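In what follows, a single structure is set out as structure tokens and then discussed.
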Ligand code: AMP
Ligand code: GLY
């Protein structure tokens with residue numbers, strides 16, 4: 006086993022999107038990284054790491070793979086394997102892993118659980134009620150009125166939230182959820198007060214005891230220019246988020262993050278990994294919208310662009326319980342990522358169209374095209390998903406980073422794709 010300091014390490018990253026491409030790109034810049042494997046990976050990731058086609062939902066398979074390949078450190082990208090207990094299985098097998106236990110992953114996997122924790126520590130969040138019965142849920146909505154937010158309690162791949170403008174759509178959402186639209190995730194429904202304000206995300210590494218903020222970001226969830234049209238997984242992101250001033254960030258740490266982490270430790274389920282704190286900020290006061298127990302996608306891409314190779318040291322410190330000795334070396338910089346998606350996304354879209362021009366684009370510490378959904382056919386890159394490329398750049402200002410990113414977008418020859426032309430507008 007490498008001890009993470011003098012020797013080099015073999016590293017396994019789990020996941021297949023732009024988030025994992027960005028993680029692999031940053032980790033690889035660290036001289037401690039020897040062999041780098043990503044499972045399952047994608048066609049872009051294959052350009053800088055070995056890809057392994059194993060089932061990342063199966064803890065036993067991943068543990069055996071790690072042992073057979075002398076893997077010293079596993080970094081888990083997505084939430085589903087974490088909620089299913091993958092990190093627990095790896096720890097039982099003696100494999101060093103970045104990512105929370107299934108018990109701690111409840112902070113993302115159950116919205117009712119997160120509310121319970123916030124109630125216990127007095128962390129500011131939306132007023133709410135929870136239901137396992139449609140009739141009672143509807144009665145509550147009729148009493149509360151609109152706008153109101155209806156959420157499936159469990160993991161629903163980012164789709165289990167309905168922000169209802171009127172009571173009718175809230176009632177319909179309740180019916181859908183109890184009818185199984187999100188499977189078991191909708192067996193319990195959480196109804197929340199609609200919070201107004203500006204949304205931003207805050208990312209904090211946790212080692213079970215210590216916490217270390219690693220950056221802020223904002224994303225654009227709507228598919229259309231000016232933040233209009235249907236919701237998506239995210240059409241672009243930038244870091245830092247101007248609304249998360251030092252003062253607001255200080256409140257988030259003292260009122261939300263530290264109390265939550267202390268409560269998790271007190272319950273015997275300490276959180277180790279990255280806490281993605283989704284916030285609503287109004288008049289300088291932050292309230293929690295949600296926790297995720299992983300990096301955001303595409304927020305990770307802008308964070309990795311800014312942190313670079315030091316991220317491996319930070320993730321190791323979190324996994325080895327020594328975050329109190331770690332620090333982030335900040336450059337006074339900005340990063341932005343523009344998502345290129347297949348035409349039709351987030352509705353129906355075609356797969357398999359050819360993407361050209363990527364080979365002529367710069368790949369350096371200021372410019373990177375991360376692949377979110379690509380495959381390779383006859384030596385050509387093809388689109389294999391809805392969100393396909395994350396065109397990412399860094400600069401001394403957001404304006405400079407944005408100009409770089411859109412110059413690269415212009416160099417991508419992909420008639421079947423599109424992107425928003427206004428990523429970052431709110432901050433500019
Ligand atoms: P989530 O899938 O939990 O990220 O929620 C999706 C989006 O719904 C969030 O990013 C917010 O824009 C919105 N949202 C969730 N909960 C609330 C709330 N209580 N008040 C206002 N907006 C919310
Ligand atoms: N971009 C939002 C998320 O990763 O959940």
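In this note's numbering, the protein residues as written are 6 to 433. C-beta: ideal position from N, C-alpha, C; glycine also. Since the structure is predicted, the reported quantities are computational estimates derived from the model, not experimental observations.
Return yes when the C-beta of residue i is under 8 Å from any heavy atom of the ligand GLY, and no when it is not.
i           : result
residue 303 : yes
residue 372 : no
residue 232 : no
residue 297 : yes
residue 20  : no
residue 281 : yes
residue 82  : no
residue 337 : no
residue 163 : yes
residue 138 : no
residue 224 : yes
residue 4   : Because the chain spans 6 through 433 in this model, residue 4 falls outside it and cannot be assessed.
Could you tell me the alpha carbon to alpha carbon distance between residue i and residue j, rounded to whole angstroms?
i           : j           : result
residue 9   : residue 205 : Per-residue confidence for residue 9 stands at a pLDDT of 45, beneath the threshold of 50, marking its modelled position as unreliable; the derived number appears in the next sentence. Each residue's alpha carbon lies about 33 Å from the other.
residue 40  : residue 28  : 14 Å
residue 295 : residue 113 : 7 Å
residue 225 : residue 61  : 29 Å
residue 36  : residue 316 : 12 Å
residue 87  : residue 348 : 32 Å
residue 155 : residue 232 : 21 Å
residue 244 : residue 220 : 7 Å
residue 423 : residue 375 : 16 Å
residue 103 : residue 272 : 21 Å
residue 185 : residue 284 : 28 Å
residue 408 : residue 254 : 28 Å
residue 343 : residue 140 : 43 Å
residue 323 : residue 43  : 20 Å
residue 172 : residue 229 : 26 Å
residue 53  : residue 368 : 12 Å
residue 388 : residue 359 : 7 Å
residue 56  : residue 380 : 12 Å
residue 382 : residue 357 : 9 Å
residue 203 : residue 257 : 14 Å
residue 148 : residue 49  : 51 Å
residue 338 : residue 401 : 5 Å
Buried or exposed for residue i, please, with buried defined as at least 16 other CB atoms from any protein chain shown within 10 angstroms of its CB.
i           : result
residue 420 : exposed
residue 69  : exposed
residue 304 : buried
residue 95  : buried
residue 280 : buried
residue 290 : exposed
residue 330 : exposed
residue 403 : buried
residue 212 : buried
residue 319 : buried
residue 386 : buried
Kindly list the residues whose CB is nearer than 6 Å to the CB of residue i, restricted to its own chain and excluding five residues on each side of it in sequence; keep chain order.
i           : result
residue 137 : 193
residue 340 : 244, 307, 310, 311, 399, 406
residue 110 : 87, 88, 298
residue 350 : 391
residue 24  : 82, 300, 302, 305
residue 76  : 15, 17
How close, in whole Å, do the beta carbons of residue i and residue j come, if the pair is a contact with beta carbons under 8 Å?
i           : j           : result
residue 346 : residue 392 : 5 Å
residue 222 : residue 242 : 5 Å
residue 274 : residue 128 : Actually they do not touch by this definition, with Cβ atoms about 17 Å apart.
residue 157 : residue 163 : The Cβ separation is near 11 Å, so there is no contact.
residue 59  : residue 67  : 7 Å
residue 195 : residue 117 : 5 Å
residue 146 : residue 179 : 7 Å
residue 4   : residue 326 : Not covered by the structure: residue 4. The range shown for the chain is 6 to 433.
Are any of the Cβ atoms in chain D nearer than 9 Å to that of residue i?
i           : result
residue 421 : No chain D appears in this structure, which consists of one protein chain only.
Hey, would you say the C-beta of residue i is under 8 Å away from at least one heavy atom of the ligand AMP?
i           : result
residue 200 : yes
residue 193 : no
residue 156 : yes
residue 177 : no
residue 186 : no
residue 166 : yes
Between residue i and the rest of its own chain, which residues show a CB-CB distance below 7 Å, the 5 nearest in sequence each way excluded?
i           : result
residue 373 : 30, 310, 397
residue 362 : 416, 417, 418
residue 105 : 87, 92, 276, 277, 278, 298
residue 21  : 45, 46, 47
residue 74  : 15, 42
residue 234 : 227, 228
residue 201 : 287
residue 249 : 205, 207, 221
residue 152 : 168, 169, 170, 199
Note down, in chain order, each residue of its chain lying with its Cβ closer than 8 Å to the Cβ of residue i, except the 5 sequence neighbours on either side.
i           : result
residue 90  : 64, 106, 107
residue 208 : 218, 219, 220, 221, 222, 279, 280, 281, 282, 300, 301, 304, 308
residue 336 : 311
residue 236 : 226, 227, 228, 351
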